[in-house]
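All residue numbers for the sequence shown refer to the numbering used here, where the first residue is 172 and numbers rise by one. We treat Cβ as the ideally placed atom computed from N, Cα and C, and that holds for glycine.
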Amino acid sequence: MKIEWTDRALKDLEDLENHIAQRIIDKLEDACDFPDHYLSPLKGYDLHKIRIGDYRAIVSVEDEKMVVVTTDHRKNIYKSLERFYD
């Protein structure tokens, strides 16, 4: 599986501290190898979430690619997702 990034997800990543951004990238790469282990369905959306400590990555799985929709701290991610999709 390969990773693709939306413009929004890239901006989210750039706004994070480097070590946090790298942890997210590393976890997403692991998730490509073992998606069933890392991906959890996101209720109410046709999306999945990946937990990276206090951060979350929201992804869409399409065929053999994982599209990163957004990343943020867990206290903000669901509010921003509602604004993005509603």
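Nearest candidate by alpha-carbon position, reference residue i, set the options
i	options	result
His-208	Asp-183, Glu-253, Lys-246 and Lys-198	Lys-198
Glu-233	Ile-191, Arg-179 and His-219	His-219
Glu-175	Arg-254, Ser-211 and Val-239	Val-239
Pro-206	Met-237, Tyr-249 and Lys-250	Met-237
Lys-173	Arg-254, Tyr-249, Lys-250 and Ser-231	Ser-231
Beta-carbon contacts of residue i that lie in its chain and below 7 Å, excluding the five residues immediately before and after
i	result
Ile-191	Tyr-226
Leu-252	Ile-229 and Thr-241
Ser-211	His-219 and Lys-220
Distance between residue j and residue i (C-alpha atoms, nearest Å)
i	j	result
Asp-204	Asn-247	27 Å
Ala-180	Ile-195	11 Å
Glu-185	Gln-193	11 Å
His-244	Gly-215	20 Å
Leu-213	Tyr-249	10 Å
Asn-189	Glu-235	28 Å
Arg-222	Leu-187	16 Å
Asp-217	Gly-224	23 Å
Residue i, buried or exposed, once every other Cβ within 10 Å from all chains shown has been counted against 16
i	result
Asp-201	exposed
Asp-183	buried
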